[in-house]
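In the order they appear, the protein sequences are chains A and B. Read in order, the letters of the first sequence correspond to residues 8 to 25 in this note's numbering. Read in order, the letters of the second sequence correspond to residues 485 to 618 in this note's numbering. Using N, Cα and C, we set each Cβ at its ideal position, and we do this for glycine too.
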Amino acid sequence: NTNTIHFDNPVYQKTTED
Amino acid sequence: QEGMVFHLKYLGVTMVEQPKGEELSAAAVKRIVATAKASGKKLQKVTLSVSPRGIILYDSASNQLIENISIYRISYCTADKMHDKVFAYIVQSQHNETLECHAFLCSKRKMAQAVTLTVAQAFRVAFEYWQTAK
């Protein structure tokens, strides 16, 4: 079944602080 | 850029072991749906505002803020395959290191997909901002 949609967040646990 | 707003029903939350994964989230959604059904309670209507800054949750009836979730705490989002009107995301708890999967019931399958794609777009824009800011 290919109709599942899901995405990882590329900024998870990143911050703009550093 | 501005928040996109969706009206959903809150199904509930469960703890998860990993920040992402199709099987992991599917199992979490299954648990949440089973618990919500078993409780027999009316689901809370919520308003979800999605932007590159994150997700803001309001109670639709009272307009009270439920939670303001920074994009940096969200690891994953999905439109569930088994329960195709369900949108879910995984977030790192504000209070500790635990990971939570939150699930929402949409009125239509298309809406669950639209919310998921909107959150995914917010991820991409946030990543562009982050790269520029670095």
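Item: DSSP three-state label for A:Asn8, please.; Value: Any reading at A:Asn8 must be qualified, since the residue scores a pLDDT of 47, below 50, and its modelled position is unreliable; the value itself is stated next. Correct three-state label for A:Asn8: coil.
Item: Cα-Cα, which of B:Arg557, B:Ser533 and B:Cys561 is closest to A:Gln20?; Value: B:Arg557
Item: Give the residues from the stretch 535-567 of chain B that approach chain A closer than 7 Å (Cβ to any Cβ), ordered along the chain.; Value: Ile555, Tyr556, Ile558, Ser559, Tyr560, Cys561, Thr562, Ala563 and Lys565
Item: Step through the CB atoms of chain A and report whether any lies within less than 8 Å of the CB of B:Ser509.; Value: yes
Item: Take B:Lys603 and list the residues in its own chain whose beta-carbon comes closer than 6 Å to its own, dropping the five residues that flank it on each side.; Value: Just to set this straight, residue 603 of chain B is Val in the shown sequence, not Lys. The residues are Val534 and Cys561.
Item: With DSSP as the reference, please indicate the residues paired to B:Val533 in a beta bridge.; Value: The displayed chain sequence assigns Ser, not Val, to residue 533 of chain B. Paired residues: B:Val489 and B:Ile540.
Item: Report the residue from B:Phe571, B:Lys594 and B:Gln605 whose alpha carbon sits nearest the alpha carbon of B:Ala510.; Value: B:Phe571
Item: Could you run through the stretch 575-605 of chain B and flag, in chain order, every residue whose CB is less than 8 Å away from some CB of chain A?; Value: Gln576, Gln597, Thr600, Leu601, Val603 and Ala604
Item: Look at the Cβ atom of B:Val575, then the Cβ atom of B:Glu584, and state whether they are nearer than 8 Å.; Value: yes
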